Amino acid sequence: MRVLITGGAGFLGSHLAEAFLERGDQVTAMDIAGTEKIDHILEEPNFAYVQQSFMDDAVLEPLVADAELVYHLGAVVGVEHYVTDPFKVLDVNVNGIQSVLRCALAHERRVVFSSTSEVYGRNPKVPFHEDDERVLGSTRIDRWCYSTSKAVGEHFCFAFRKRGLPVSIVRYFNVYGPRLDTFDAGRVLTIFIGQILRGEDVTVIGDGAQTRCFTYVDDAIRATMAAGLLPEAEGGVFNIGTDRETSILEFAELMIELAGSPSKIRFVTEKSVYGDSYEDVPRRVPDAGRMRDILGVHAETDLREGLLSTIEWFSKRVPPARSS
Numbered sequence: 012m013r014v015l016i017t018g019g020a021g022f023l024g025s026h027l028a029e030a031f032l033e034r035g036d037q038v039t040a041m042d043i044a045g046t047e048k049i050d051h052i053l054e055e056p057n058f059a060y061v062q063q064s065f066m067d068d069a070v071l072e073p074l075v076a077d078a079e080l081v082y083h084l085g086a087v088v089g090v091e092h093y094v095t096d097p098f099k100v101l102d103v104n105v106n107g108i109q110s111v112l113r114c115a116l117a118h119e120r121r122v123v124f125s126s127t128s129e130v131y132g133r134n135p136k137v138p139f140h141e142d143d144e145r146v147l148g149s150t151r152i153d154r155w156c157y158s159t160s161k162a163v164g165e166h167f168c169f170a171f172r173k174r175g176l177p178v179s180i181v182r183y184f185n186v187y188g189p190r191l192d193t194f195d196a197g198r199v200l201t202i203f204i205g206q207i208l209r210g211e212d213v214t215v216i217g218d219g220a221q222t223r224c225f226t227y228v229d230d231a232i233r234a235t236m237a238a239g240l241l242p243e244a245e246g247g248v249f250n251i252g253t254d255r256e257t258s259i260l261e262f263a264e265l266m267i268e269l270a271g272s273p274s275k276i277r278f279v280t281e282k283s284v285y286g287d288s289y290e291d292v293p294r295r296v297p298d299a300g301r302m303r304d305i306l307g308v309h310a311e312t313d314l315r316e317g318l319l320s321t322i323e324w325f326s327k328r329v330p331p332a333r334s335s
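For the sequence shown, my numbering assigns the number 12 to the initial residue and increments by one for each residue that follows.
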């Protein structure tokens, strides 16, 4: 099978490319990023890297035409982007999915769209089922632009499906593992791990009682592949994650323990980190029934096991020193 992955040089994209290559498929990754996360597969005979933007239809269309299955993982992600450059988040995420869907419809290619647990917003009803309502804050709060951009992307997927395009949507819940982002940016894990490997205080927002469900990348990739390969997954929306809750404080303490770090916990306010444009979500828990029953995947990796593997990978790289 010929597979195209936008965002293919990123965290999830690199793991997805690797998994399809292991199956013997031909993979083309499209991204504007450097090759750090895909250096180990660049010389694979069935792998090609196109370092171009998926926003350029002239480059995108022939790649879609040549593929049999398209994964759209390319997006602007990370809290630091939501609160500092909401225009870029909205522009790339909303317009990019339209480009992919238009090309896929023209060439009758199946698409899997990478969405997010953020679409549920701050809905207090947990666990989140795929058909639950979205509850968001004010549009004045930049934090919600990412959730909105991904929800609009989902709407476009369903609109194009009515025109005959086969699509599936996956909503990721705090996926982590080797090659996740860079130190001190993106997700809570990479922020914590930079601090831990430098022996600094680990900054926990609020009291750390807010919970997340951390999903190891291998489990997420198995589900992502199934969403594009199984006929019964077409037209579906799937939460991708574990339903095991972990508080951010517990997560920080476990990371410090596993890394053998002298770091201590330091509690900080939300505003001191992200300013006035961020609102935290107390709990984020998926109903993983569809992932298990339709995709046939259970998130089985224990958090300690997954974190050990992730910390080991990051420990081989030196976190940058703090600027004075």
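Think of the CB as a built atom: it goes at the ideal place given N, C-alpha and C, for glycine as much as any other residue. Fair warning: this is a prediction, and the values are worked out from it, not measured in the lab.
Residue j beta carbon less than 7 Å from that of residue i
| i | j | result |
| --- | --- | --- |
| I108 | F167 | yes |
| V186 | A231 | yes |
| A196 | E91 | yes |
| V296 | P138 | yes |
| R182 | V292 | no |
| V123 | S64 | no |
| G164 | L84 | no |
Buried or exposed by the 16-neighbour rule on C-beta atoms within 10 Å, applied to residue i
| i | result |
| --- | --- |
| A338 | The chain is shown from 12 up to 335; residue 338 falls before or after that span and cannot be answered. |
| I322 | buried |
| D153 | buried |
| F278 | exposed |
| K161 | buried |
| E311 | exposed |
| S158 | buried |
| E129 | buried |
| I276 | exposed |
| L191 | buried |
| S110 | buried |
| A237 | buried |
| R174 | exposed |
| F169 | exposed |
Spatially closest choice to residue i from the options, by CA coordinates
| i | options | result |
| --- | --- | --- |
| M12 | S25, D313, V38, A30 | V38 |
| M41 | H51, V163, S25, V199 | S25 |
| R301 | V81, D229, L241, R190 | L241 |
| L23 | D287, C224, D195, G188 | G188 |
| Q62 | T226, T235, I43, D291 | I43 |
| G307 | G219, F124, I251 | I251 |
| R294 | Q221, C156, R209 | Q221 |
| F171 | D192, R133, R113, Y227 | R113 |
| F325 | G205, G45, T280, F98 | G205 |
| L80 | D287, A115, V284 | A115 |
Whole-angstrom C-beta distance between residue j and residue i, which should lie under 8 Å
| i | j | result |
| --- | --- | --- |
| L15 | L101 | Not a contact, Cβ separation roughly 24 Å. |
| P330 | F194 | 4 Å |
| A20 | Y60 | 7 Å |
| A78 | R120 | 6 Å |
| A76 | I49 | No, A76 and I49 are not in contact; Cβ-Cβ is about 23 Å, not under 8 Å. |
Validate contact between the stretch 249-259 and the stretch 213-220 using beta carbons, cut 8 Å, 3 pairs = yes
message = Assess contact between the stretch 268-287 and the stretch 305-324, defined as three or more Cβ pairs (one per stretch) separated by less than 8 Å. Is contact present?
response = yes
ask   = With contact counted as at least three CB pairs below 8 Å, one residue from each stretch, are the stretch 139-151 and the stretch 199-208 in contact?
value = no
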